[in-house]
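Engineer: First the structure, then my questions, so here it is.
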Amino acid sequence: LREEGAERLTAMPFDGYAVGGVSVGEDRESMFQVIADAGRFLPTDRPRYLMGVGGLEEFLVGIESGIDLFDCVIPTRNARNGTILLSDGGTLNIRNAIHRRDRNPLESDCDCPGCLTFSRGTLHHLYNRREMLAYTLGSLHNLRVFHRFLETARKALLEHSWSQFRDKIRDGFRARSG
656 LREEGAERLT AMPFDGYAVG GVSVGEDRES MFQVIADAGR FLPTDRPRYL MGVGGLEEFL
716 VGIESGIDLF DCVIPTRNAR NGTILLSDGG TLNIRNAIHR RDRNPLESDC DCPGCLTFSR
776 GTLHHLYNRR EMLAYTLGSL HNLRVFHRFL ETARKALLEH SWSQFRDKIR DGFRARSG
């Protein structure tokens, strides 16, 4: 059915194709299959846009399936709720008391304004006082995590080292999930 739908769509003179509705309750394997099918059935000479999907693992599957564009509210939504994304695929809740006196940045190797300027303890305070600066810095950090991931993925593709990059990322996800 997906293949038939793709055949009908590609017969029309669209400049690109959007793939949507894949992250609204489906299990992860089903979502990943739809993304892979989009990569197989849609032409490679036009942009393929994956709508509303955006965790690092989803980016990995999308890139491997030939997706060119992504959009997602996760970085800003999570930041509004105090959830900070980490470059290893993990998260931390900056509102938790454990961060109250922590003088470390969110991530030591991050070049976002929050990590370069503020400690976890300061961000914890800003979040718990509901300061707008907290949400801005959290959003900038989370977006930078996504941006760095995609920069590294692009570099791996250009250097023909995608398999090694993918395997390293997947091994990290497996290690984190136990």
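Adding 655 to a residue's 1-based position in the sequence shown gives its number in the numbering used here.
Using N, Cα and C, we set each Cβ at its ideal position, and we do this for glycine too.
Does DSSP classify N736 as helix, strand or coil?
Structural biologist: The residue you call residue 736 lines up with position 81 of the sequence shown. Three-state DSSP puts N736 in coil, outside helix and strand.
Engineer: Report the partner residues of V674 according to the DSSP bridge assignment.
Structural biologist: Position 19 of the sequence shown, counted from the first residue, corresponds to residue 674. In the DSSP output, where bridge partners are listed per residue, V674 has L705.
Engineer: Quick check on this structure: which residue in S685, D723 and M787 has the alpha carbon closest to the alpha carbon of G671?
Structural biologist: Here the question's residue 671 lines up with position 16 in the sequence shown. Measuring from the Cα of G671, the nearest candidate turns out to be D723.
Engineer: Give the single residue among Y704, L805 and R758 whose Cα lies nearest to the Cα of I690.
Structural biologist: Residue 690 sits at position 35 when you count from the first residue of the sequence shown. When each option's Cα is compared against that of I690, the closest is Y704.
Engineer: Can you tell which of P698, Y790 and M686 has its C-alpha closest to the C-alpha of A661?
Structural biologist: The sequence position of residue 661 within the sequence shown is 6, counting from 1. Nearest C-alpha to A661: P698.
Engineer: Classify E658: buried if its beta carbon has 16 or more other beta carbons within 10 angstroms, exposed otherwise.
Structural biologist: Numbered from 1 along the sequence shown, position 3 holds the residue referred to as residue 658. So E658 ends up on the exposed side.
Engineer: Tell me which same chain residues have a C-beta within less than 8 Å of the C-beta of R701, skipping the five on either side of it?
Structural biologist: Counting from 1 along the sequence shown, the entry for residue 701 is found at position 46. Around R701: F669, D670, G671 and Y672.
Engineer: For the beta strand (DSSP E) containing L603, name the first residue and the last one.
Structural biologist: As displayed, the chain neither begins before 656 nor continues past 833, which places residue 603 out of reach and without an answer.
Engineer: Candidates A693, G694, C727 and S720: which alpha carbon is nearest V708's?
Structural biologist: Here residue 708 is taken as the residue at index 53 of the sequence shown, counted from 1. Of A693, G694, C727 and S720, the residue nearest in Cα terms is C727.
Engineer: Taking L778 and L792 to be in contact with their CB atoms under 8 Å, please state how far apart those CB atoms are, rounded to whole angstroms.
Structural biologist: Taking the first residue of the sequence shown as 1, we reach residue 778 at position 123. Taking the first residue of the sequence shown as 1, we reach residue 792 at position 137. That pair is a contact at about 6 Å.
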